[in-house]
Amino acid sequence: MCGKISIISGGDRYNMSSLAQTIIYLVAAIAFLALSYFLMVRSANKKLESIKTKNKKRK
Numbered sequence: 000m001c002g003k004i005s006i007i008s009g010g011d012r013y014n015m016s017s018l019a020q021t022i023i024y025l026v027a028a029i030a031f032l033a034l035s036y037f038l039m040v041r042s043a044n045k046k047l048e049s050i051k052t053k054n055k056k057r058k
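Residue numbering for the sequence shown follows numbering that gives the first Met the number 0, starting at 0 and increasing by one per position.
As structure tokens, then:
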């Protein structure tokens, strides 16, 4: 099994080449970065909204 990964799913066996494995890792890393960015922007947006409402209450 040098350089190959075996996935057993539902009794079927799939052999993935190292290229496919690399592509899957890249897609997973990009998805993780996109999710992190989305959550960070959402959190920053909520903080900005709370600051805006506090400023409106002061006026």
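Cβ coordinates follow ideal geometry from the N, Cα and C atoms, glycine included. Since we're looking at a predicted model, the values are computed, not measured.
Item	Value
Helix or strand or just coil, what does DSSP make of S42?	helix
Consult DSSP for S16 and reduce its assignment to one of helix, strand or coil.	coil
Tell me whether M0 sits in a helix, a strand or coil according to DSSP, three-state version.	Note on M0: pLDDT 47, under 50, position unreliable in the model; the coordinate value appears next. Of the three classes helix, strand and coil, the one that applies to M0 here is coil, per DSSP.
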